[in-house]
Amino acid sequence: MEQVENGVFVSVEYTGTLANGEIFDSSKNRQPLEVHMGAGQMIPGFEKALLGMTINEKKTFTLEADDAYGSRDEELMRNFPRSSTPPGAVPEVGQIVALQTPDGQQIPAKIVKVDDQNITLDMNHPLAGEPLTFEVEVVGISDTPTQSVEDCGDGCGDGCCDGCCGCC
Numbered sequence: 024m025e026q027v028e029n030g031v032f033v034s035v036e037y038t039g040t041l042a043n044g045e046i047f048d049s050s051k052n053r054q055p056l057e058v059h060m061g062a063g064q065m066i067p068g069f070e071k072a073l074l075g076m077t078i079n080e081k082k083t084f085t086l087e088a089d090d091a092y093g094s095r096d097e098e099l100m101r102n103f104p105r106s107s108t109p110p111g112a113v114p115e116v117g118q119i120v121a122l123q124t125p126d127g128q129q130i131p132a133k134i135v136k137v138d139d140q141n142i143t144l145d146m147n148h149p150l151a152g153e154p155l156t157f158e159v160e161v162v163g164i165s166d167t168p169t170q171s172v173e174d175c176g177d178g179c180g181d182g183c184c185d186g187c188c189g190c191c
């Protein structure tokens with residue numbers, strides 16, 4: 024396998040940074056990220072940038088918000104009555120909480136305001152609205168997966184990625 028194309032499994036070492044240079048995610052000290060190309064596991068611009076790369080090739084690219092996690096949507100700022108919090112919970116600004124949809128899916132939300140009556144949650148992806156720069160190196164290309172879901176590289180080992188890299 025010579026080149027990254029749809030349908031293959033590509034392993035990449037990567038570092039993702041924000042416009043201010045802050046690293047938001049990296050495969051350093053972890054397994055490389057394995058992407059099943061064309062399967063929609065990654066943010067669209069990431070897969071597109073990998074297409075055509077070859078083994079050991081390095082590349083740096085910047086994705087605008089539309090090719091990453093999208094623009095921020097102010098309609099995803101929601102107020103919930105403080106009385107709806109579980110007994111004993113002490114909501115604080117900056118905390119990440121998990122909301123559950125009727126079908127059981129969990130959605131992370133960040134507490135952005137707390138007052139006597141309400142808790143305001145931001146349900147946008149934490150990187151929504153951000154341009155993202157990635158430094159990548161293709162370290163493997165295969166017709167079959169080389170990692171199990173549990174080994175996707177987020178370090179938790181429970182098959183559940185942090186959602187930042189989109190590897191699962």
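Under my numbering, the very last position in the sequence shown is 191; numbers go up by exactly one each time. Note that beta-carbon positions come from the ideal geometry of N, C-alpha and C, so glycine has one too. Since the model is a prediction, treat every value here as computed from it, not as a measurement.
Measure the C-alpha to C-alpha separation of residue i and residue j and round it to an integer number of angstroms.
i	j	result
Lys136	Thr108	14 Å
Cys183	Thr77	At Cys183 the pLDDT is 39, less than 50, meaning the model places this residue with poor confidence; the figure from the coordinates comes in the next sentence. The alpha-carbon atoms of Cys183 and Thr77 are separated by roughly 29 Å.
Met65	Ser50	15 Å
Ile130	Leu86	24 Å
Lys82	Pro110	50 Å
Gly39	Asp126	32 Å
Lys133	Asp166	39 Å
Ala151	Ala112	27 Å
Pro55	Ser106	44 Å
Ala72	Phe84	7 Å
Leu99	Val120	14 Å
Gly180	Gln128	The predicted position of Gly180 is uncertain, since its pLDDT is 39 and thus under 50; a value taken from the coordinates is nonetheless stated next. Computed Cα separation, rounded: 20 Å.
Glu97	Ile142	16 Å
Gly30	Ile164	11 Å
What first and last residue would you give for the alpha helix (DSSP H) that runs through residue i?
i	result
Pro114	Segment: none, Pro114 is in no alpha helix (DSSP H) and carries neither H nor E.
Leu73	67 to 73
Could you work out which residue in the options is closest to residue i when comparing CA atoms only?
i	options	result
Phe47	Ser165, Glu158, Ala62	Glu158
Gln140	Gly163, Arg95, Asn102, Val162	Asn102
Asn52	Ser165, Val33, Tyr37, Gln26	Tyr37
Asp90	Ser171, Gln170, Thr156	Thr156
Glu28	Gly44, Pro55, Leu56, Ala62	Ala62
Ile144	Ala72, Gln128, Gly117	What sits at residue 144 in the sequence shown is Leu, not Ile. Selected option, being the one with the closest Cα: Gly117.
Arg95	Pro149, Gly163, Leu73	Pro149
Gln123	Met146, Glu98, Ala88	Met146
Asp138	Ala121, Ser171, Pro104	Pro104
Ala88	Pro67, Met100, Ile119	Pro67
For the putative contact between residue i and residue j, defined by C-beta atoms under 8 Å, what is the C-beta separation to the nearest angstrom?
i	j	result
Ala42	Pro114	Rounded, the Cβ-Cβ distance is 30 Å, inconsistent with contact.
Phe69	Thr169	At roughly 19 Å, the Cβ-Cβ gap does not stay under 8 Å, so Phe69 and Thr169 are not in contact.
Val161	Val58	Incorrect: roughly 10 Å between the Cβ atoms, too far for contact.
Gly75	Gln26	6 Å
The beta strand (DSSP E) that contains residue i, what's its start and end?
i	result
Glu36	32 to 40
Val27	No beta strand (DSSP E) contains Val27, which DSSP labels as neither H nor E.
Pro80	Correcting the residue type first, residue 80 is Glu in the shown sequence and not Pro. First-last for Glu80: undefined, no H or E at that position.
Arg101	100 to 104
Glu87	Unbroken run through Glu87: none, as it is neither H nor E.
Asp48	46 to 49
Glu97	No beta strand (DSSP E) contains Glu97, which DSSP labels as neither H nor E.
>> Please give the ranges of any beta strand (DSSP E) in the region 118 to 176, keeping only runs that are unbroken, at least 3 residues long and fully inside the region.
In response: Fully enclosed beta strand (DSSP E) runs of 3 or longer: 119 to 123, 129 to 137, 141 to 145, 155 to 165.
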